[in-house]
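Anchor point for the sequence shown: position 65 equals 71 in the working numbering, and the numbering is continuous, going up by one each time. Okay, so here's the structure we're looking at.
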Amino acid sequence: MTYQQPTRVAEIVDAVKELATNTVELAKAELTPAAKKATVGGGLFAAAATFALHALWMILIAVALLVGWLYQAYTSLTTWPAFIWGFVTVAIISLLIAAILALIGAKKIEKIKKPEATIAEINTTVNEISALMKKSDGSSDLPWIEPNYETEVTKN
């Protein structure tokens, strides 16, 4: 004599498996195109940034030497202190620019959209499972499953 699972539980298990599979497929479909675009764009950006960084270093050295020359010409500083102050001045200006760019980048990152359809599907799945598990008196066989479940992602 073999033990057979009750029909209700078997249906719930099958429904959960199907919903989980569909949720994973939805997440893949939603995130794969964005990931491909981000990968190609990121690679090209890295290559461009490498070349731009070399040029930027050359320009910054030239500007620091120019500022040092101006310090020497218009102050009583001798050659080495004037050039040192020139490099310090350019370093401070570079740090200010870096801080501004970091703030702009942080604002852009905050605007990245979360996968709304996937989150909605997960919430629907939890609500359906909860509804299936409800007894006629309103109590649940699984008390930890509550309808309208919200994840930390949906609260943000």
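A virtual CB, placed ideally from N, CA and C, is assigned to each residue, including glycine.
- prompt: What's the call for A70, buried or exposed, on a 16-neighbour Cβ count within 10 Å?
  reply: buried
- request: With DSSP as the reference, label P87 as helix, strand or coil.
  value: helix
task: Go through its chain and collect everything with a Cβ distance to L32's Cβ below 8 Å, but skip five positions before and after it.
output: Around L32: A123, T124 and E127.
field: Straight-line gap, V132 to K34 (C-alpha atoms, nearest Å)
entry: 20 Å
message: Restricting to Cα atoms, I'd like to know which of T85, I118 and I67 is closest to F93.
response: Closest option to F93, Cα to Cα, is I67.
Proximity of G74 and A61 at Cβ, strictly below 8 Å: no
message: Assuming K119 is part of the alpha helix (DSSP H), what are its boundary residues?
response: K119 -> no alpha helix (DSSP H), and no H or E assigned at all.
task: For the alpha helix (DSSP H) holding T45, just list the boundary residues, first then last.
output: T13 to Y80
Same chain, Cβ closer than 6 Å to T13, five either side skipped, listed in chain order: Correct list: empty, nothing qualifies.
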